[in-house]
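Undergrad: I am attaching a structure below and will ask some questions about it afterwards.
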Amino acid sequence: MRARRLRPSPSLVISVIALIMAATGTAAALSQHKAASTAGPVVGKSAVGGVCNPNSAAFTNCVTLTMNLPHSGRVLLVADGAWYGDANAANGQCHVVTAGSQVGLAPNPGQELGTHTDGVHEGGFAITGVTPVLAAGKRTFRLSCLEATPDFALGSEDLSAVLLN
12 MRARRLRPSP SLVISVIALI MAATGTAAAL SQHKAASTAG PVVGKSAVGG VCNPNSAAFT
72 NCVTLTMNLP HSGRVLLVAD GAWYGDANAA NGQCHVVTAG SQVGLAPNPG QELGTHTDGV
132 HEGGFAITGV TPVLAAGKRT FRLSCLEATP DFALGSEDLS AVLLN
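So, in structure tokens, the structure goes:
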């Protein structure tokens, strides 16, 4: 009787390759590849304001933040604050400004009822925005607010800036 030589079937070959790939993973082929580095040093700064009491319909500067940008790029700005009113209707508006341009939306915090009538039970607001590309150098960012109806005031404000790469 003649001995029959067995050869592996194509499905067995594919199965063995799949088993090896599952056991070692596909990352083995990319072990020598170096990813492009887009990360640079993180540059950020924060400023805190105190009581800000705008007394007119003109914007009053509540927080100023000056930051030196080591390279050009966009800047993420985050501002928040706590407001209160001494009357039933107390409304205002706040915005973040750099180089004369508003960044992000301008919320209109306020009340029609005497809910936040003291500095203990304050209401809150937040503003976020990203600037267009700014050139390297010294930049100033401001959180400014105005009083739309009497007795609108802010108990505390914060402004933070982070240079994006």
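Just so you know, our numbering puts 132 at position 121 of the sequence shown, and the rest follows in order with no gaps. For each residue, glycine too, the CB sits at the ideal point set by N, CA and C. Treat the numbers as computed from the prediction; the structure is a model and nothing was measured.
1. Within 10 angstroms of its Cβ, does V74 collect 16 or more other Cβ (buried), or is it exposed?
2. Of the residues Q104, P120, N176, which one's Cα is nearest the Cα of L157?
3. Count the other C-beta atoms from every protein chain shown that fall within 10 angstroms of the C-beta of S26, then say buried if there are 16 or more, exposed otherwise.
4. Tell me whether T160, by its Cβ, gets closer than 7 Å to a heavy atom of the ligand NAP.
5. In whole angstroms, what is the alpha-carbon distance linking Y95 and C63?
6. Taking the alpha-carbon positions, what's the G111 to D97 distance?
7. Could you have a look at V86 and say whether DSSP puts it in helix, strand or coil?
8. Could you give the DSSP three-state label for S67: helix, strand or coil?
9. Do A90 and I138 have their C-beta atoms within less than 8 Å of each other?
10. Counting Cβ pairs closer than 8 Å, one from the stretch 144 to 152 and one from the stretch 64 to 72, do we hit at least three?
11. Exposed or buried, which one is T35 when buried takes at least 16 other CB atoms within 10 Å?
12. Ignore the nearest five residues each way along the sequence and tell me which others in V114's own chain have a CB closer than 6 Å to its CB.
13. What does the Cβ neighbour count give for S57, buried or exposed, with the cut at 16 atoms within 10 Å?
TA: So, from the data block:
1. It counts as buried.
2. Q104
3. exposed
4. The ligand NAP is absent from the structure shown, which contains no ligand whatsoever.
5. 11 Å
6. Rounded to whole angstroms, G111 to D97 spans 31 Å at the Cα level.
7. The three-state reading of DSSP puts V86 in strand, counting E and B together.
8. coil
9. Yes. Within cutoff.
10. no
11. exposed
12. L88, V107, G140, T142
13. exposed
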